[in-house]
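Encoded as structure tokens, the structure appears first; notes follow it.
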Amino acid sequence: MPAVGLGTRKPRKPRQAYETVKAALAVGYRHLDSAARYNNEDQVGEAVRDSGLRREDIWVTTKVENAWHHHVAEPVDRSMAVLGFDYIDLPLVHWPIAVSLEEDPSTAMPSWEFTHTWQEMQRVLASGRVRNVGVSNFGIRNLKKLLSDPACYVVPAVNQIEVCVSCVLVMLTGFPSPPPPRSPSPAPAEFFSSCTPAVHASVWWFCQKRGIHCTAYSPLAFELPQLHESAALAELCKRTSKTLLQILIVWGLRLLQVFLYSPLP
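According to full-length UniProt numbering, the residues represented by the sequence shown are 1 to 265, in order.
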């Protein structure tokens, strides 16, 4: 898995995903993060084909959304068709919660556990349609539950979580209270207790000890203006003659050795 990847969430223009992915591949990116709910997987696949690169030289991640936990093969096959690929490098269980397709999407299905979802993921892996399987937004409690399940024989290759400088500083300073989610999420509110920034540093250490790569989303923390206005970081930029984004990327790669995603500009 290439260390620096490009995320495709929240494009601001109709063809921005295509244009950005194609430009990123031209300058050396080989890691793309997508999801069906981003509504641009067709553009991602088109950009890969138009790049002139071999499919096997590009790592593509997608996600299984909450409403499809009990039909994992369907969203995987659909993403493959929309992307125009005959395999996917890594599908992730986007959140540790299943909801009903037909009923209230904010309410968890009481009869379904994400351990059942993982059994479905393992079957998709065995089919050869995907090369790896992983999870996203899993806290320590949920990871322990998954890894201790008797039916779990494949350890997740990746746990994609939010990681940035401020998240790791929490390990030393703590928050007075868990910060609220900054944008609407498909997961019910109670599940933020295991996946808020306040605990991501400890999640990273937990994963490292068990051979699970932690992939960072939002590593540049564009939604945290107070971080970008930090006097300490401003001084570091001045002293090193580097931009803030360069410092944040190098920090992530050298100090935490996590995989980073750059958001669409």
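Every residue, glycine too, gets a C-beta built ideally from N, C-alpha and C.
Small disclaimer: the values here were computed from a predicted structure and weren't measured.
Here the alpha carbons of A157 and C164 stand approximately 21 Å from one another. Secondary structure of N66 (DSSP, three-state): helix. One Cα belongs to T8, the other to A17, and the distance between them is close to 6 Å. Where A216 is concerned, the enclosing beta strand (DSSP E) starts and stops at 213 to 217.
Looking at F138, Q119, C152, E229, the one whose alpha-carbon comes closest to that of V203 is F138. Taking C-beta atoms under 8 Å as the contact rule, L248 and C237 fail to qualify, at a distance of about 10 Å. Exclusion of the five residues before and after F85 leaves no residue of its chain whose Cβ lies closer than 6 Å to its Cβ. Three or more beta-carbon pairs separated by less than 8 Å link the segment 81 to 101 to the segment 54 to 68, which places the two stretches in contact. DSSP places E162 inside the beta strand (DSSP E), whose first and last residues are 158 to 162. With a threshold of 16 other beta carbon atoms within 10 Å, D57 falls short and is exposed.
Between the alpha carbons of G134 and N159 lies a gap of roughly 6 Å. Using a C-beta cut-off of 8 Å, the segment 138 to 155 makes contact with the segment 209 to 221, since at least three inter-stretch Cβ pairs fall below that distance. The DSSP-derived three-state label of I88 is strand. Remark: three or more beta-carbon pairs, one from each stretch, lie closer than 8 Å, so the segment 71 to 83 and the segment 30 to 50 are flagged as touching.
When the beta-carbon positions are compared, L146 and W118 come within less than 8 Å of each other. No Cβ-Cβ contact shorter than 8 Å links A26 with L253. Spatial neighbours of W59 in its own chain (CB-CB distance under 8 Å, excluding positions within 5 residues in sequence) are listed in chain order as M1, P2, G5, R30, H31, L32, D89, L90. Within its own chain, the residues whose Cβ lies closer than 7 Å to the Cβ of V72, once the five positions on either side in sequence are excluded, are V64, T117, E120, M121, V124, listed in chain order. For P110, the number of other beta carbons within 10 angstroms of its own is below 16, and it is reported as exposed. For the pair F206 and I161, the CB atoms are not nearer than the 8 Å cut-off.
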